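Asker: Below are the structure tokens for one structure; questions will follow.
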Amino acid sequence: MQRRHFLSIFLGGVTALLIAPINALAATWNKRAFEATKFSNAASDLAIKNEMPSQDIDITAPDRAENGAIVQVEINSRIPNTESIAIFVEHNPTTLIGHFTFTNGALPQLVTRIKMAETSDIKIVVKAGDQYFTAAKNVVVLENGCG
Amino acid sequence: MDNIKIRAKLVNDTTEVKMIINHPMETGRKKDDFGQLIPAHFIQLLTAKLNDKPVMEMQWGTGISKNPYLTFYLKDAKIGDKIAVNWVDNLGKTGEGDVLVTAG
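Sequence lines, in order, name chains A and B.
Using this note's numbering, read the first sequence as starting at 97 and increasing by one per residue.
Using this note's numbering, read the second sequence as starting at 21 and increasing by one per residue.
Written out as structure tokens, the structure reads:
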């Protein structure tokens with residue numbers, strides 16, 4: 097497991113170096129995680145493990161959404177040293193919505209608009225140091241927003 | 021550069037950055053009026069910078085709504101500082117925009 101882990105990180109790094117000059121962006125897109133249909137697979141592709149429920153992640157989203165094409169969600173992590181926030185919709189065709197990394201004085205807080213195919217939990221995973229924390233908010237969706 | 025609109029306001033030591041990007045964010049699962057699948061077309065990577073220093077690195081999937089909207093917050097920005105955002109989508113198209121921080 098250790099070795100496999102190292103290899104995946106190493107290969108990811110090599111790919112990043114190859115692609116970097118083309119798009120001039122530091123990160124590479126995590127294809128496997130974004131194409132995963134199940135939360136557990138997407139989470140492991142993001143190296144998320146042992147995530148613990150936390151009261152310190154605020155999720156503001158409507159209880160009911162008329163149209164799943166645009167569901168506004170606000171996320172605020174009060175967990176010290178938050179490095180990144182990942183947004184998942186458990187019942188979407190692909191579960192990972194977005195991954196946000198904060199550096200150089202960016203606060204671990206954001207507002208965005210997401211698509212929801214059906215009634216589901218919006219699940220948030222916060223990374224702080226080596227630890228992962230999670231919280232969820234259920235949204236009832238009346239009209240499929242994934243077309 | 022009109023495909024992205026950004027506004028940055030400093031209020032009580034925190035700069036609130038709001039942005040909206042013109043982009044179809046097609047999932048690849050939707051059909052057009054003739055029953056043909058519309059190919060996937062969505063933003064994958066974005067970087068936000070404060071005075072050329074990265075403050076946010078983002079990876080997006082097809083689950084971000086059409087014409088993506090984002091608010092984020094910076095604690096170390098001052099009035100006149102430059103905030104720049106650039107993105108690249110799955111077809112290799114790119115966009116960028118920038119704005120100076122103003123008093124809220």
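Heads up, the beta-carbon is just placed ideally off N, CA and C, and yes, glycines get one too.
These figures come from a predicted structure and were not determined experimentally.
1) Only counting the same chain, and skipping five residues up and downstream in sequence, which positions put a Cβ closer than 7 Å to that of Ile102(B)?
2) Could one say the Cβ of His187(A) lies closer than 8 Å to chain B's Cβ atoms, at least one of them?
3) Quick one: which residues of the segment 93 to 124 of chain B get their C-beta closer than 9 Å to a C-beta of chain A? List them in chain order.
4) State whether the segment 151 to 162 of chain A contacts the segment 41 to 57 of chain B, with contact taken as three or more CB pairs (one from each stretch) at a distance under 8 Å.
5) Which term fits Lys127(A), buried or exposed, when burial requires 16 or more other beta carbons within 10 angstroms of its beta carbon?
6) Do we get a CB-CB distance below 8 Å when we pair Gly194(A) with the residues of chain B?
7) Taking a Cβ distance cut-off of 7 Å, strictly less, list which residues of the segment 45 to 79 of chain B are near chain A, in chain order.
8) When the distance is taken between beta carbons, is Gly194(A) closer than 8 Å to Thr178(A)?
9) So, for Ala132(A): in the same chain, excluding its five sequence neighbours on each side, which residues have a beta-carbon less than 7 Å away from its beta-carbon?
10) Report the residues of the segment 199 to 219 of chain A with a CB closer than 7 Å to any CB of chain B, ordered along the chain.
11) Identify which residue in Ala143(A), Asn240(A), Asn172(A), Trp125(A) has its Cα closest to the Cα of Ala231(A).
12) Going by C-alpha distance, which of Gln227(A), Phe135(A), Trp125(A) is nearest Thr67(B)?
13) In the DSSP output, which residue or residues are listed as bridge partners for Thr197(A)?
14) When burial is assigned at 16 or more other CB atoms within 10 Å of the CB, is Asn188(A) buried or exposed?
15) What span of residues does the beta strand (DSSP E) with Lys127(A) cover, start to end?
Answerer: Well, looking at it:
1) One detail in the question is off: residue 102(B) reads as Lys in this sequence, not Ile. Result list for Lys102(B): Asn71, Asp118, Leu120, in chain order.
2) So no, His187(A) is outside the interface.
3) Answer in chain order: Tyr93, Leu94, Lys95, Asp96, Ala97, Asn106, Trp107, Val108, Asn110, Gly112, Thr114.
4) Because the criterion of three Cβ pairs below 8 Å is not met, the segment 151 to 162 of chain A and the segment 41 to 57 of chain B do not touch.
5) Counting the other Cβ atoms within 10 Å of the Cβ of Lys127(A) gives fewer than 16, which makes it exposed.
6) True, the Cβ-Cβ gap to chain B drops below 8 Å.
7) Within the segment 45 to 79 of chain B, the residues whose Cβ lies closer than 7 Å to some Cβ of chain A are Thr47, Arg49, Lys50, Gln64, Leu65, Thr67, Leu70, Lys73, Pro74, Val75, Met76, Glu77, Met78, Gln79, listed in chain order.
8) With respect to the 8 Å criterion, Thr178(A) and Gly194(A) are not classified as neighbours on the basis of their beta carbons.
9) Exclusion of the five residues before and after Ala132(A) leaves Ala138, Asp141, Thr190, Thr191, Leu192 as the residues of its chain whose Cβ lies within less than 7 Å of its Cβ.
10) So the list reads Thr199, Asn200, Gly201, Ala202, Leu203, Gln205, Leu206, Val207, Thr208, Arg209, Ile210, Lys211, given in the order they occur along the chain.
11) The shortest Cα separation from Ala231(A) among Ala143(A), Asn240(A), Asn172(A), Trp125(A) belongs to Asn172(A).
12) Out of Gln227(A), Phe135(A), Trp125(A), Trp125(A) has the C-alpha closest to the C-alpha of Thr67(B).
13) Ser180(A), Glu77(B).
14) Around the beta carbon of Asn188(A), 16 or more other beta carbons sit within 10 angstroms, so the residue counts as buried.
15) Not the beta strand (DSSP E): Lys127(A) falls in the alpha helix (DSSP H), residues 127 to 131.
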